[in-house]
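A.B. asks: From first to last, the protein sequence lines are chains A and B.
Using the working numbering, you'd call the opening residue of the first sequence number 1 and step up by one each time.
Using the working numbering, you'd call the opening residue of the second sequence number 1001 and step up by one each time.
Number of protein chains: 2
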Amino acid sequence: MNLAKYVYLFSEGNRDMRNLLGGKGANLAEMTNAGLPVPQGFTVTTEACTRYYGDGREIAKEIQDEIFANMSKLEEITGKRFGDKKNPLLVSVRSGARASMPGMMDTILNLGLNDEVVAGFAAKTGNERFAYDSYRRFIQMFSDVVMEQPKSAYEKIIDAMKEAKGVQLDTELTAEDLKDLVVKFKALYKSAKGEDFPAQPVTQLIEAVRAVFRSWDNPRANTYRRMNEIPYDWGTAVNIQSMVFGNSGESSGTGVAFTRNPATGEKALFGEYLINAQGEDVVAGIRTPVPISHLRDQMPQVYEEFSAIASRLEKHYKDMQDMEFTIEDGKLYMLQTRNGKRTAASALKIAVDLVDEGMITEREAVLRVEPKQLDSLLHPQFDPDALAAAPAIGKGLAASPGAAAGQVVFTAEDAAKWDAGGKKVILTRLETSPEDIEGMAVAQGILTARGGMTSHAAVVARGMGTCCVSGVTELTVDYENKCFTLGGKVYHEGDFISLDGGTGNVYAGAIPTVEAAISGDFGRLMAWADAARKLEVYANADTPKDAKQAVDFGCEGIGLCRTEHMFFETDRIKAVREMIVAQDAQSRKTALAKLLPYQQGDFEGIYEAMGARPVIIRYLDPPLHEFLPHEDADIADIAADLGITAARLRAVVDSLHEFNPMMGHRGVRLSVSFPEIAEMQTTAVITAALNVSKKLGISITPQIMIPLVGDVKEFIYVKKFVVKTAEKLIKQAGSNMRFKIGTMIEVPRAALTADEIAAEADFFSFGTNDLTQMTFGFSRDDAAKFLDDYYEKKIFESDPFAHLDQKGVGQLVELAVTQGRGANPDLHIGICGEHGGDPSSVEFCHAARLDYVSCSPYRVPIARLAAAQAAIRSPEDKK
Amino acid sequence: MNLAKYVYLFSEGNRDMRNLLGGKGANLAEMTNAGLPVPQGFTVTTEACTRYYGDGREIAKEIQDEIFANMSKLEEITGKRFGDKKNPLLVSVRSGARASMPGMMDTILNLGLNDEVVAGFAAKTGNERFAYDSYRRFIQMFSDVVMEQPKSAYEKIIDAMKEAKGVQLDTELTAEDLKDLVVKFKALYKSAKGEDFPAQPVTQLIEAVRAVFRSWDNPRANTYRRMNEIPYDWGTAVNIQSMVFGNSGESSGTGVAFTRNPATGEKALFGEYLINAQGEDVVAGIRTPVPISHLRDQMPQVYEEFSAIASRLEKHYKDMQDMEFTIEDGKLYMLQTRNGKRTAASALKIAVDLVDEGMITEREAVLRVEPKQLDSLLHPQFDPDALAAAPAIGKGLAASPGAAAGQVVFTAEDAAKWDAGGKKVILTRLETSPEDIEGMAVAQGILTARGGMTSHAAVVARGMGTCCVSGVTELTVDYENKCFTLGGKVYHEGDFISLDGGTGNVYAGAIPTVEAAISGDFGRLMAWADAARKLEVYANADTPKDAKQAVDFGCEGIGLCRTEHMFFETDRIKAVREMIVAQDAQSRKTALAKLLPYQQGDFEGIYEAMGARPVIIRYLDPPLHEFLPHEDADIADIAADLGITAARLRAVVDSLHEFNPMMGHRGVRLSVSFPEIAEMQTTAVITAALNVSKKLGISITPQIMIPLVGDVKEFIYVKKFVVKTAEKLIKQAGSNMRFKIGTMIEVPRAALTADEIAAEADFFSFGTNDLTQMTFGFSRDDAAKFLDDYYEKKIFESDPFAHLDQKGVGQLVELAVTQGRGANPDLHIGICGEHGGDPSSVEFCHAARLDYVSCSPYRVPIARLAAAQAAIRSPEDKK
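#1: Under DSSP, the beta strand (DSSP E) around I1497 of chain B begins and ends at which residues?
#2: Is the beta carbon of R1450 of chain B closer than 8 Å to that of E1431 of chain B?
#3: Mark K1318 of chain B as exposed unless 16 or more other C-beta atoms lie within 10 angstroms of its C-beta, in which case mark it buried.
#4: Which residues in chain A have a C-beta closer than 8 Å to the C-beta of S1798 of chain B? List them in chain order.
#5: Run the CB neighbour count on D177 of chain A, radius 10 Å, all protein chains shown included, and call it buried at 16 or more, exposed below.
#6: Mind pulling the beta strand (DSSP E) runs of 3 or more residues that sit fully within the region 494 to 566 of chain A?
#7: Would you say I1795 of chain B reaches chain A, if we count a Cβ-Cβ gap shorter than 8 Å as a contact?
#8: Flag this pair as touching only if the region 1606 to 1613 of chain B and the region 1625 to 1638 of chain B have three or more C-beta atom pairs under 8 Å; answer yes or no.
#9: Can you check whether the C-beta of S765 of chain A is within less than 8 Å of a C-beta belonging to chain B?
#10: Does the separation of the CB atoms of D375 of chain A and A412 of chain A fall below 8 Å?
#11: With which residues is P1088 of chain B paired in a DSSP beta bridge?
#12: Compute the distance between the beta-carbons of Y1507 of chain B and A1640 of chain B, then report whether it is under 8 Å.
#13: Using a cut-off of 9 Å between C-beta atoms, extract the partners of K753 of chain A located in chain B.
#14: Under the three-state reduction of DSSP, which class applies to P707 of chain A: helix, strand or coil?
#15: Just how far apart, CA to CA, sit Y1333 of chain B and A1308 of chain B?
#16: Mind checking the region 468 to 496 of chain A against chain B and listing, in chain order, the residues whose C-beta falls within less than 8 Å of any C-beta there?
#17: Which residues mark the beginning and the end of the beta strand (DSSP E) in which Q1324 of chain B is found?
#18: Cβ of H1835 of chain B within 8 Å of Cβ of T1725 of chain B?
#19: Going straight from the alpha carbon of A531 of chain A to that of G1559 of chain B, what length do you get?
#20: List the residues of chain B that L708 of chain A touches, going by C-beta distances under 9 Å, in chain order.
#21: Buried or exposed for N239 of chain A, going by 16 or more other Cβ atoms inside 10 Å?
#22: Label D1711 of chain B either buried or exposed according to how many other C-beta atoms from any shown protein chain fall within 10 Å of its C-beta, with 16 as the threshold for buried.
#23: Use the C-beta contact count for N114 of chain A: other C-beta atoms within 10 angstroms, 16 or more gives buried, fewer gives exposed.
#24: What are the residues of the region 706 to 732 of chain A that lie near chain B, defined by any Cβ-Cβ distance shorter than 7 Å?
#25: Based on DSSP bridge pairs, tell me the residues matched to L274 of chain A.
#26: Taking C-alpha atoms, which residue in A:Y538, A:F258, A:R780 and A:P707 lies nearest to A761 of chain A?
#27: In angstroms, rounded to a whole number, what distance separates the CA positions of K24 of chain A and R338 of chain A?
#28: Below 7 Å CB to CB, which residues in the same chain sit around E1250 of chain B once its five sequence neighbours on both sides are set aside?
#29: CA-CA distance, E1075 of chain B and L752 of chain A?
#30: Alpha carbon to alpha carbon, what distance is there between Y1232 of chain B and S1856 of chain B?
#31: Label E1155 of chain B either buried or exposed according to how many other C-beta atoms from any shown protein chain fall within 10 Å of its C-beta, with 16 as the threshold for buried.
#32: Please report the straight-line C-alpha distance between T775 of chain A and L269 of chain A, rounded to a whole angstrom.
#33: Just the Cα atoms here: how many angstroms apart are T1466 of chain B and D1419 of chain B?
#34: Under 9 Å between beta-carbons, which chain B residues line up against P661 of chain A? List them in chain order, please.
#35: So is D1055 of chain B in contact with chain A if we call contact Cβ pairs under 8 Å?
#36: At which residues does the beta strand (DSSP E) containing D478 of chain A begin and terminate?
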């Protein structure tokens, strides 16, 4: 007996079934049940997709049978018959995953046509041009999507025909032209595939379903999922829906619209449509559509109806909706609704407005903004003065906000290459396609000649928080010579340009930028977030400037102040090197004495920036060879500078060589060998804290963090020197200042022996970068080479250095928290690896009962919001 | 109120108080209570030592008071008074830890003398020469031990005086000479220390106790403890015992003896003594003592009494005893008894004999042999034919058995240096001292000119299982010119010589050796061990030769057959390199096809050696760059050989460079990237097993082990290729052969996710080398540089790569066992890191409920014995 049900009519579903029906399917069902004008159809479930992969990429007979059974029901509902020559039922076949993945998977329209059906369809509609336009579109899409033939080959045939006919637009081609096109398309198909284009609608349908399932595993979908943390095993559903035709003439059309502006959040219907077109014409950006407001004049009744539906949907879903619609011979059909993707600024405004409109609560509003989206608001904007002085060389659509300056590149591959080389690039394309996604991800900004606000470039850039100017119609791009012309001037690969995603302006040269600030909607939402969250948010900052920035972004302390970065500065690296080449503790102390005033000054600067907020200072961590030269020429120079022979310096460099420096003589191990380093750093920390406490009239409690501890005895050994040095200085100063000493938990053994360490430590800070390296046995510097194989082979779905591995590394974190708190209930526990600014990792930290997360200053607001969302979502915090 | 009692009279203790009183103190108490002739005294406890270190190396007032209070009791018992000029009580002050550490800590005799007391002592004894001999010894020892003045400075004065007087022996010096010596000694003391030699007996006593406590922390004691796994925090007790004098004349003497022969186990009193001498004269090997059997003629009554006591003590302790005695004016005193250190051969014979004598059970006998001692029996002995042909160049005492060939070195430092350079050395010394211990540990053999069977060299070498020939009286050593003369010929540093520790013969040149075998007492004891143990013992073996050796040593299977070692052989390394430089899967497969017959042949050889015993074959593990050259010249040669350009090969080498290769592209990660490697190896394993099963008419079940798995998906991915390849071959062969596939647990994450992995695996094998590296974050290749600091600073007491870290790494092992068995009750679990042959680690493996340990062939008997001891000692197995 077969218990599984793999196919649901739209009328059988609802919005709560999105895991099974996908977002599109669930919402089509919801709209159907709400009585909205939805072309009917059915959804093949995500479970069928999972089964397809489980069965070795085969669609089981029982699923095929269920699809055909539902096709019969659909024939009954529509009164049309699939493959019928007189009254044919045509369908669209579209993907629809649980999470929206715009443009990542495939769609086929007008399925069910063949040479005989199209003739009947033409006769029935009395519109031969429309019928053959539909047919040629179908062949083109089917060949591309199902048979994986290049789309461009078909477009070349169209372009040739338009040229031959002397016309500009597809719509100017006649019925005869389109018939001719169909013949040519089928010939191309046959010559490429060695067989005829499949004429059987039933074959077409199953092949199309198979193609949608397959597209779940295509490279761009895999990349998108990895970037958006969507699990591979979710699978996609497939929606089979009876066609309505926006391309049936001048009283037909198709469009997409948002209930509010997805770029700004403004409360007004926002969108575009094209008359006499099918859906992909709008999204692909081939013809530039007109604003939705024009529809009010062109088809006032349709506009009113659509406007009312939009408003109703927004109220129903209590969020901004992104809708697809088609008008067939003056009648409106809804093809899709979903919560719309939006820019960070728009997300903030919409969330705040919905609260003000009484639609949602403040806590709900906090959940409405993707934490990582905030990134785009936190990065610099153009310096207004410099901007005012810069003459624009062109203008397009303000497709995705932000300011970007960089060097022009023309392909996604070059973007990736230049980015890897440390360059900032503006990816410049006629239009973008899903294949470009990796290049788009690394670009500072994206510039396209074609495409509207809902073109691929615009949608993807907004999702990424990347600045984008699209549809710069005067822009001509010459890929072959790697240059573009704009405003009568030629710009070459490598030239600097700047984009303003807020205005659509394009500028020559690199315009300087200024810092972002948190105010307005952003400020209100962050205040709600701060009220909701339980985790404290600290920043990783090594300089007074970074500390200041972090405070501006709302950090409550510094969770990681790395002292070694200070050692590299030119005025002090010499003393560092003298310390390293010292042959005994005494000369090492002499060199350290030279470093002391620098370190003290550094810490005073940071304490002044932070005031009484906690600052956790980590002692010297990297292996000493990092401070020495390795090339012969440099060695000779620096040896002369240090007053020793090059041979001697070379010998020191060689003696410090390590096979696996990541697991070598670093962290606490340095302080064990050379406790005088810890003494010097303690002197600097304590003296700085005493001085600044006095100067500002505040009470600083210095916090000293020993890295890489793996055994409590290491900690105790170094702690002894720290405490002795600190107590002496505090006593000398006649102060009663307190100080804390804690450790990083970044070696698995530290987590495993956390009870012993906690008994001696005031705080723990999880260094999840190293902890991830050692728990997996992955060298971060080397793993990139093979991790691609891991993604490709579905062994990993995300980079464990970006998203905390909860099953493995997370287990050690939880163990250490439980053991640590058991041994020392006052233990203050946080995380200072890069995961501290990653929303899913922050959510884990909340669940693991950490006290704080620490991340880079620019990620502080992200962490604040993510912490709030974690608190609101976690069961014990639900109000 | 003070609850602690820090000092015990001998009459207050017993043998069960060894943790508190140390071994020496507990046994002195036991002998006292048994009515044996023990000079009375008291013991300052190990807790006082711990307190001394806790108090910053100070002896607390209350402990000093308790010492003096007991000194008063001792005065009462002896009827003498400490510091009295007429009837002075003199005492010895000697260390005595819980575990015997011969020669590692300090001893002071004759304490309580000063210029006035010595005069009274001379008058009372009527023996001025004896009194001043005792006094000069005291000054010399006190200066050395308490004040850390070099002993040699004092010896030079004695040597000068003997030369001036024209005498050979100390005993030939007159009373006047000795008085003169005392004056000179005190002058030397004052000139070196800037103050007078301490005259107050009370001061002498406390300083001596302090010196013994301090000596617990001296470098040679620390080294000894690390080698013998004695915890630092045990501390040492101090025994203060009234002096009896072996140096009071010709009817006095002192000696050491064993109830059975510590070299052979022969049941006969064995030992040495010196007339008119104090204890250190015997142990230090300065004068060569005479065999204990001579005492029978020289002092028949004393001999009979001693012989009876020895026999009584052996019965009491049910083990061979090592005793110190002194004869004062014809009266016997017992100064110490303890279970004697012995060679492995002796330990086996004694254990077996004690069973045969009905003194102990077979299970008790199994506990009587130190597993790691067996090592000395398992290593090669001289080839008897080659030995017969080799003319001895000299003969000494057969101080520690075994055969050794190596190059002559003259200092412990050189021994260590040459050993580090991969050379085998014979450490040649006039006599050894505790400072030489590290050099002795690395030497193949030890040759000394002076010293008897109980000299430092002999005792230590036996403990280490190192071959030693001592007391080669004709040997003259010239340290300055780094040469020695023996048999009229000069041998220089670097010359090869051979030692036979079983006969005491010394040979020129390196004599070839032959393998050892398990038979006789060894065989009987191992049979008892096998009956007792629960752990299976496998071997790590990569070649048929090693496999055969391991079977001879009693292994029950191969737990780790490393396949990559085979890749390095000259006839196949080229194909390996072709595989690595291949640019696509097809050319990689072509190269692998060349390797296949070699691998198959390797496995056939191993299966033939092992028969139906389990053989676990681990797939390719090391990073590929290990198979490529790195020097330009080699690259040019090998590129030519491979038919590619040097630039191309250099590019491949560079692309394979890793920052932390230990955590790089290796293990299962290679098979994920290149599953064709796993396919080739599977073809080789399965075909070999099919062929050998057929040839030998047995049923082999191949076991395939995937290394470095950290996530079950890695395992599943590779398993798929293995299973598919294997099933196809088995089916083709028309066989019903079964096979198993398991994984190493060597990445912390594998242990943390063991439940998931176990659900897919047939077996786990803990690779504790890598697991230790990653759990500690220690690169084994680099850690040696800083681990010395860790030992010195008492952070680590032993090398975690030698003895499994039970708290950290062990926790992961226990977790993985629990989780793994929970998910798969049939899971077979073992360990194949080097810890598999370390007795304390084997004990842990037993407690952790592993099924087997796997170790190098030579360690198989050690592991068998250690596993048996663990089973006998573990509570649930106690019968």
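We put the beta carbon where it would ideally sit given N, CA and C, even for glycine.
Source: prediction; values computed, not measured.
C.D. replies: The short version:
#1: Counting from 1 along the second sequence, the entry for residue 1497 of chain B is found at position 497. Taken as a continuous stretch (DSSP letters only), the beta strand (DSSP E) holding I1497 of chain B covers F1496 to D1500.
#2: Counting from 1 along the second sequence, the entry for residue 1431 of chain B is found at position 431. Counting from 1 along the second sequence, the entry for residue 1450 of chain B is found at position 450. Going by C-beta atoms, E1431 of chain B is nearer than 8 Å to R1450 of chain B.
#3: Here residue 1318 of chain B corresponds to residue number 318 of the second sequence, with the count starting at 1. By the neighbour-count rule (16 or more Cβ atoms within 10 Å), K1318 of chain B is not buried but exposed.
#4: Indexing the second sequence from 1 puts residue 1798 of chain B at position 798. By Cβ distance, chain A contributes nothing, its closest Cβ being about 12 Å from S1798 of chain B, past 8 Å.
#5: Start at 1 with the first residue of the first sequence, and residue 177 of chain A comes out as number 177. With 16 or more Cβ atoms within 10 Å of its Cβ, D177 of chain A is classed as buried.
#6: Runs found: 496 to 500, 505 to 508, 536 to 540 and 558 to 562.
#7: By 1-based counting over the second sequence, the position of residue 1795 of chain B is 795. Contacts with chain A at 8 Å (Cβ-Cβ) include I1795 of chain B.
#8: Cβ pair count under 8 Å is below three, so no.
#9: Residue mapping note: residue 765 of chain A aligns to position 765 of the first sequence, counting from 1. S765 of chain A does not count as touching chain B.
#10: To locate residue 375 of chain A, count along the first sequence from 1; it is residue 375. To locate residue 412 of chain A, count along the first sequence from 1; it is residue 412. Going by beta carbons, D375 of chain A and A412 of chain A fall outside the 8 Å limit.
#11: By 1-based counting over the second sequence, the position of residue 1088 of chain B is 88. P1088 of chain B has B:R1081 as its beta-bridge partners, per DSSP.
#12: Start at 1 with the first residue of the second sequence, and residue 1507 of chain B comes out as number 507. Start at 1 with the first residue of the second sequence, and residue 1640 of chain B comes out as number 640. In this structure, A1640 of chain B does not lie closer than 8 Å to Y1507 of chain B by Cβ.
#13: For this step, residue 753 of chain A is matched to residue 753 along the first sequence. One point to set straight first is that residue 753 of chain A is Thr, not Lys, in the sequence displayed. Within chain B, the residues near T753 of chain A are K1807, G1808 and Q1811.
#14: By one-based count along the first sequence, residue 707 of chain A stands at place 707. In the structure shown, P707 of chain A sits in coil (DSSP, three-state: anything other than H, G, I, E or B).
#15: Walking along the second sequence from the start, residue 1333 of chain B turns up at place 333. Walking along the second sequence from the start, residue 1308 of chain B turns up at place 308. Spanning the alpha carbons of Y1333 of chain B and A1308 of chain B requires a straight line of approximately 13 Å.
#16: If you check each beta-carbon in the region 468 to 496 of chain A against every beta-carbon of chain B, none falls closer than 8 Å.
#17: Walking along the second sequence from the start, residue 1324 of chain B turns up at place 324. The question names Gln, but residue 1324 of chain B is Glu in the sequence shown. Annotation for E1324 of chain B: the continuous beta strand (DSSP E) segment containing it runs Q1321 to E1328.
#18: Indexing the second sequence from 1 puts residue 1835 of chain B at position 835. Indexing the second sequence from 1 puts residue 1725 of chain B at position 725. Not closer than 8 Å, so no.
#19: What you label residue 531 of chain A is simply residue 531 of the first sequence in a count that begins at 1. What you label residue 1559 of chain B is simply residue 559 of the second sequence in a count that begins at 1. Rounded to whole angstroms, A531 of chain A to G1559 of chain B spans 58 Å at the Cα level.
#20: Along the first sequence, one-based indexing puts residue 708 of chain A at 708. Taking the beta carbon of L708 of chain A as reference, the chain B residues within 9 Å of it are G1777, listed in sequence order.
#21: Translated into the one-based positions of the first sequence, residue 239 of chain A becomes position 239. With 16 or more other Cβ atoms inside 10 Å of its own Cβ, N239 of chain A counts as buried.
#22: Here residue 1711 of chain B refers to the residue found at position 711 when the second sequence is read from its first residue. Classification of D1711 of chain B: buried, given that the 10 Å Cβ count is 16 or more.
#23: Numbered from its first residue, the first sequence carries residue 114 of chain A at position 114. N114 of chain A counts as buried, since at least 16 other C-beta atoms from the protein chains shown sit within 10 angstroms of its C-beta.
#24: Taking 7 Å as the Cβ-Cβ cut-off against chain B, the residues of the region 706 to 732 of chain A that qualify are L708, G710, D711, K713, E714 and Y717.
#25: Within the first sequence, residue 274 of chain A is the residue found at index 274, counting from 1. Beta-bridge pairing by DSSP links L274 of chain A to A:T254.
#26: Reading the first sequence from its first residue, position 761 is the one you call residue 761 of chain A. Comparing C-alpha distances from A761 of chain A to each of A:Y538, A:F258, A:R780 and A:P707 shows the shortest one belongs to A:P707.
#27: As a first step, residue 24 of chain A is located in the first sequence; it is residue number 24 there, counting from the start. As a first step, residue 338 of chain A is located in the first sequence; it is residue number 338 there, counting from the start. So the two alpha carbons sit approximately 7 Å from each other.
#28: Position 250 of the second sequence, counted from the first residue, corresponds to residue 1250 of chain B. When the five nearest sequence neighbours on each side are left out, the beta carbons in the same chain lying within less than 7 Å of the beta carbon of E1250 of chain B are those of I1275 and N1276, in order along the chain.
#29: Locating residue 1075 of chain B in the second sequence gives position 75, where the first residue counts as 1. Locating residue 752 of chain A in the first sequence gives position 752, where the first residue counts as 1. Between E1075 of chain B and L752 of chain A, the C-alpha separation is close to 55 Å.
#30: Here residue 1856 of chain B corresponds to residue number 856 of the second sequence, with the count starting at 1. Here residue 1232 of chain B corresponds to residue number 232 of the second sequence, with the count starting at 1. Rounded to whole angstroms, S1856 of chain B to Y1232 of chain B spans 30 Å at the Cα level.
#31: Here the question's residue 1155 of chain B lines up with position 155 in the second sequence. It is exposed - the Cβ of E1155 of chain B has fewer than 16 other Cβ atoms within 10 Å.
#32: Stepping through the first sequence from its first residue, residue 775 of chain A is reached at position 775. Stepping through the first sequence from its first residue, residue 269 of chain A is reached at position 269. Computed Cα separation, rounded: 51 Å.
#33: Against the second sequence, residue 1466 of chain B aligns to sequence position 466. Against the second sequence, residue 1419 of chain B aligns to sequence position 419. Distance from the CA of T1466 of chain B to the CA of D1419 of chain B, rounded to the nearest whole angstrom, comes to 15 Å.
#34: Against the first sequence, residue 661 of chain A aligns to sequence position 661. F1659, N1660, S1779 and D1782, listed in chain order.
#35: Numbered from 1 along the second sequence, position 55 holds the residue referred to as residue 1055 of chain B. D1055 of chain B does not count as touching chain A.
#36: Within the first sequence, the letter at position 478 stands for residue 478 of chain A. Secondary structure note for D478 of chain A: its beta strand (DSSP E) is the uninterrupted segment T476 to D478.
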